[in-house]
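J.: Chains as they are written, first to last, in the numbering used here: chain A, 1 to 113; chain B, 114 to 227. One structure, pasted below without further comment.
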Amino acid sequence: DAGITQSPRHKVTETGTPVTLRCHQTENHRYMYWYRQDPGHGLRLIHYSYGVKDTDKGEVSDGYSVSRSKTEDFLLTLESATSSQTSVYFCAISVYGGDNEQFFGPGTRLTVL
Amino acid sequence: QKEVEQNSGPLSVPEGAIASLNCTYSDRGSQSFFWYRQYSGKSPELIMFIYSNGDKEDGRFTAQLNKASQYVSLLIRDSQPSDSATYLCAVSWGFSGGYNKLIFGAGTRLAVHP
């Protein structure tokens with residue numbers, strides 16, 4: 001347990017609605033990541049952060065935005081949810097960032113109807 | 114094209130046998146390699162990492178890296194039913210000018226039967 005929580009753990013929403021997922025860590029690590037996991041695709045990086053207010057895009061960032069106003073919280077927003085964003089979303093942290101190991105939160109299962 | 118390839122499985126092995134899980138990657142510049150275990154409905158859990166060519170052992174687990182062949186493997190000795198899970202390979206990848214991200218394979222499902 002790397003002190004990472006995600007909320008909500010499960011959410012069902014409708015197409016076109018905004019959705020915000022929260023990742024909270026208790027260890028004050030600098031590096032945080034959002035991934036989505038879909039069958040056959042493994043984990044794909046959506047956005048990452050290397051400090052407060054410092055974020056950058058990953059490989060599947062379209063339709064997503066992030067914010068990090070405090071070290072401990074990293075928010076992922078689906079501005080207008082689509083059915084293709086139905087997935088399991090994992091937050092991860094890294095102590096040293098870069099190509100070092102990452103530790104994952106428990107995940108959020110999101111269903112967009 | 115970023116590629117980390119794993120056989121999806123399932124790889125079925127009897128209890129007590131050696132399970133061998135394989136991963137190939139396409140970027141010769143990758144420097145860091147990780148194995149994660151993921152039980153159904155749970156989050157990935159780091160079990161091994163390796164940076165240098167050769168073998169690295171930790172308990173029943175051995176990671177093997179061959180950079181020339183762009184191949185990393187995980188051996189699980191004395192496999193137990195509790196090892197039944199999906200194993201994800203992750204490889205460092207060049208991104209925004211540096212090798213600073215991880216790319217994950219889709220995972221191999223391992224089933225250990227009594």
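C-beta atoms are modelled at their ideal positions from N, C-alpha and C, and glycine is treated no differently. Since we're looking at a predicted model, the values are computed, not measured.
(1) Run the CB neighbour count on residue 214 of chain B, radius 10 Å, all protein chains shown included, and call it buried at 16 or more, exposed below.
(2) How close, in whole Å, do the beta carbons of residue 82 of chain A and residue 112 of chain A come, if the pair is a contact with beta carbons under 8 angstroms?
(3) Sort out for me which residues DSSP pairs residue 93 of chain A with in a bridge.
(4) With DSSP as the reference, please indicate the residues paired to residue 186 of chain B in a beta bridge.
(5) Check residue 196 of chain B in the structure and name its three-state DSSP category.
(6) By how many angstroms is the C-alpha of residue 221 of chain B removed from the C-alpha of residue 120 of chain B?
(7) Do residue 190 of chain B and residue 131 of chain B have their CB atoms nearer than 7 angstroms?
(8) Select from the segment 139-150 of chain B all residues with a C-beta closer than 7 angstroms to any C-beta belonging to chain A, and list them in chain order.
(9) Using a C-beta to C-beta distance shorter than 7 angstroms, which residues of chain A count as neighbours of residue 218 of chain B?
(10) Taking the alpha carbon of residue 37 of chain A as the point to measure from, which residue in A/99, A/12, A/69 and A/91 has its own alpha carbon closest?
(11) Any beta carbon of chain B sitting closer than 7 angstroms to that of residue 106 of chain A?
(12) Could you name the residues of the same chain whose beta carbon sits closer than 7 angstroms to that of residue 137 of chain B, not counting the 5 residues immediately before and after it, in chain order?
(13) Taking contact to mean at least 3 C-beta pairs separated by less than 8 angstroms, is the segment 57-77 of chain A in contact with the segment 8-16 of chain A?
(14) Could you have a look at residue 85 of chain A and say whether DSSP puts it in helix, strand or coil?
(15) Does DSSP put residue 152 of chain B in a helix, in a strand, or in coil?
(16) Expressed to the nearest angstrom, what Euclidean distance is found between the alpha-carbon atoms of residue 46 of chain A and residue 133 of chain B?
(17) Check the DSSP bridge columns for residue 203 of chain B and list the partner residues they point to.
(18) What does a CB cutoff of less than 7 angstroms around residue 195 of chain B pick up in its chain, not counting 5 residues either side in sequence?
(19) Within 10 angstroms of its Cβ, does residue 108 of chain A collect 16 or more other Cβ (buried), or is it exposed?
T.: Taking the coordinates as given:
(1) Against the second sequence, residue 214 of chain B aligns to sequence position 101. Its Cβ being crowded by 16 or more others within 10 Å, residue 214 of chain B is buried.
(2) On the first sequence, position 82 is the one that residue 82 of chain A refers to. On the first sequence, position 112 is the one that residue 112 of chain A refers to. That pair is a contact at about 6 angstroms.
(3) Taking the first sequence and counting its residues from 1, one reaches residue 93 of chain A at position 93. A/32 and A/103, per the DSSP bridge assignment.
(4) As a position in the second sequence, residue 186 of chain B is number 73, starting the count at 1. Answer by DSSP bridge pairing, in chain order: B/135 and B/177.
(5) Against the second sequence, residue 196 of chain B aligns to sequence position 83. Helix.
(6) As a first step, residue 120 of chain B must be located in the second sequence, where it is residue number 7. As a first step, residue 221 of chain B must be located in the second sequence, where it is residue number 108. Spanning the two alpha carbons is a distance of roughly 6 angstroms.
(7) Translated into the one-based positions of the second sequence, residue 190 of chain B becomes position 77. Translated into the one-based positions of the second sequence, residue 131 of chain B becomes position 18. Yes; because the gap between Cβ atoms is below 7 angstroms, this pair is in contact.
(8) 144, 145 and 147
(9) For the purposes of this step, residue 218 of chain B is taken as residue 105 along the second sequence, with counting starting at 1. Within 7 angstroms Cβ-Cβ: 42.
(10) For the purposes of this step, residue 37 of chain A is taken as the residue at position 37 of the first sequence. Measuring from the Cα of residue 37 of chain A, the nearest candidate turns out to be A/91.
(11) Your numbering for residue 106 of chain A matches position 106 in the first sequence. Yes, residue 106 of chain A counts as interfacial toward chain B.
(12) One-based indexing of the second sequence puts residue 137 of chain B at position 24. Cβ neighbours of residue 137 of chain B beyond the five flanking positions: 118, 183 and 184.
(13) no
(14) On the first sequence, position 85 is the one that residue 85 of chain A refers to. Note: residue 85 of chain A maps to helix in three-state DSSP.
(15) For the purposes of this step, residue 152 of chain B is identified with residue 39 of the second sequence, where counting begins at 1. Coil.
(16) As a first step, residue 46 of chain A is located in the first sequence; it is residue number 46 there, counting from the start. As a first step, residue 133 of chain B is located in the second sequence; it is residue number 20 there, counting from the start. In a straight line, the C-alpha of residue 46 of chain A is about 31 angstroms away from that of residue 133 of chain B.
(17) Translated into positions along the second sequence, residue 203 of chain B becomes position 90. Paired residues: B/147 and B/217.
(18) As a position in the second sequence, residue 195 of chain B is number 82, starting the count at 1. Answer for residue 195 of chain B: no residue qualifies.
(19) Taking the first residue of the first sequence as position 1, residue 108 of chain A is located at position 108. It is buried - the Cβ of residue 108 of chain A has at least 16 other Cβ atoms within 10 Å.
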